[in-house]
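Notes follow the structure.
Number of protein chains: 2
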Amino acid sequence: MSVFEAAKKRAMERLRIGGADEEVAGIIERLNSFEGFFTTSSCSGRIALICLPEIGAKREAEFIGKWHRSVTKEEVLEAIKTSEKGEIWLLSQSPILHVACRSLEKAKALLRIAIESGFKYSSIKAISKDNEKVVVEIMSTERMDVPLGKDGVMFCSESHLDFILSKANFMLERVKEKLKRFCYGLKELK
Amino acid sequence: MSVFEAAKKRAMERLRIGGADEEVAGIIERLNSFEGFFTTSSCSGRIALICLPEIGAKREAEFIGKWHRSVTKEEVLEAIKTSEKGEIWLLSQSPILHVACRSLEKAKALLRIAIESGFKYSSIKAISKDNEKVVVEIMSTERMDVPLGKDGVMFCSESHLDFILSKANFMLERVKEKLKRFCYGLKELK
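Chains as they are written, first to last, in this note's numbering: chain A, 9 to 198; chain E, 9 to 198.
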């Protein structure tokens, strides 16, 4: 068994797709069924509320809310109540998939399909020393990062929050369509 | 002259760095002085106001304000007045550099320096068919995308805008430090 195949075997043992959305679960299953590809992580896109000590210190950020579906203002306001210290940001995050590919050619083929399906921020994130394992990151451009308040004080009015959430919910719908297109496009890899 | 060198020659003829910030100008000059590398585009990071017909249709977005420096609330409100139709978004955008590298090894070395300097969203965006031209994109994680209003109606209060702009201005300062670190790190490429 090659180093790549051994890594795939380990990844498949760790893989749990029970919790994944329908659209992403289909993509993960299809990719892993192909020789020379395996997925290492995935998220179908989400709306998140984080509390962070300062900008950029995202590693220290604490998630105070996380939704892989449309969210209401009431849910967001309820989640914010749990936080007392730090900055509150609302994030709308693109789907993200990391896929290990056994060669540059395979990675380039996957990248082309991802970009053609609308995942325009897709790229190659890492290449192993021997060029035999290439990690492709699949992402779209849909995104919001909005600072809402600080240390328990909300700077964002309710009408503004309504507007922001309508955009965030719309983005989630939009990326679902892209995920379907991408899943369909993957058949070319076979 | 190789295909790569011919492409570098053409890029150098088009290159205008007179308008670039000090930090980015130094990086561009240093990178282009190395054999096997050339820059194809760059931005030192900016705060932008765009007006767009709908999310994702960023190609149709119209810039109504663009600043490569700290910005005041008054400047932003003044710029917004010029727009009547569509959604207004305030963006805080990371520095971005595209660098053509003559081999995968060179691209990987550049990528490592970029990530170690704090440009954690850096990646390989494209590889030519013969693997002899590799485009590296250098970007950091600092970013905001905030919808402010629609069709002439502002949903964002002035106190919230103050808060948002303090974050945007802080991000610009922060990335300047990263640019200096990156410029210094580039000497390893020699």
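Note that the Cβ used here is the ideal one computed from N, Cα and C, for glycine as well. Here the structure is a predicted model, which is why all the values come from computation and not from measurement.
| Check | Outcome |
| --- | --- |
| Whole beta strand (DSSP E) runs in the segment 97-152 of chain A with 3 or more residues, listed along the chain? | 104-109, 131-135 and 142-147 |
| Do you know how far the Cα of E:L194 is from the Cα of E:S100? | 26 Å |
| Confirm, please, whether the CB-CB distance from E:S148 to E:K186 is below 8 Å. | yes |
| Helix, strand or coil: how does DSSP classify E:E95 here? | strand |
| Please look up how many angstroms separate the CB atoms of E:C191 and E:I25, rounded, as I've assumed it's under 8 Å. | So it is not a contact: roughly 13 Å between Cβ atoms. |
| Examine chain E for any beta-carbon lying closer than 8 Å to the beta-carbon of A:P61, and answer yes or no. | no |
| Which same chain residues end up closer than 6 Å to E:S78 when comparing Cβ atoms and leaving out the 5 residues on each side of it in sequence? | N177 |
| Got a sec: which bits of the segment 161-172 of chain E sit with their beta carbon under 7 Å from any beta carbon on chain A, in order along the chain? | F163, C164, S165, S167, H168, F171 and I172 |
| Please confirm whether A:S102 and A:R38 have their CB atoms less than 8 Å apart. | no |
| Can we say the segment 112-129 of chain E touches the segment 69-88 of chain E, given the rule of at least three CB pairs closer than 8 Å? | no |
| Which chain A residues are close to E:S131, counting only those with a beta carbon under 8 Å from its beta carbon? | S131, I132, K133 and E145 |
| Name, please, each residue of chain E whose Cβ falls closer than 8 Å to the Cβ of A:N139. | L112 |
| Considering only their Cβ atoms, is the gap separating E:A14 from E:T48 smaller than 8 Å? | no |
| Could you give the first and the last residue of the continuous beta strand (DSSP E) run that contains A:A69? | Segment: none, A:A69 is in no beta strand (DSSP E) and carries neither H nor E. |
| Find out if the Cβ-Cβ distance for the pair E:E31, E:K188 is shorter than 8 Å. | yes |
| List the residues of chain A whose Cβ lies closer than 7 Å to the Cβ of E:V84, in chain order. | What E:V84 touches in chain A: nothing, since even the nearest Cβ is about 15 Å away. |
| Leaving out five residues before and five after A:I104 in sequence, what residues of the same chain have Cβ atoms less than 6 Å from its Cβ? | C51 and M147 |
| Rounded to the nearest angstrom, how far is the Cβ of E:F171 from that of A:F12, given a contact under 8 Å? | Going by Cβ atoms, the distance from E:F171 to A:F12 rounds to 48 Å, so no, they are not a contact pair. |
| For E:V84, tell me which candidate among E:C59, E:V183, E:L197 and E:N40 has the shortest Cα-Cα distance. | E:C59 |
| With distances taken Cα to Cα, identify the nearest neighbour of A:K114 among A:K81, A:F42 and A:S174. | A:F42 |
| For a contact meaning CB atoms closer than 8 Å, what does A:M152 contact in chain E? | D153, V154 and P155 |
| Quick one: list the residues of chain A neighbouring E:K81, beta-carbon separation under 9 Å, in chain order. | Correct list: empty, because the minimum Cβ distance to chain A is about 13 Å. |
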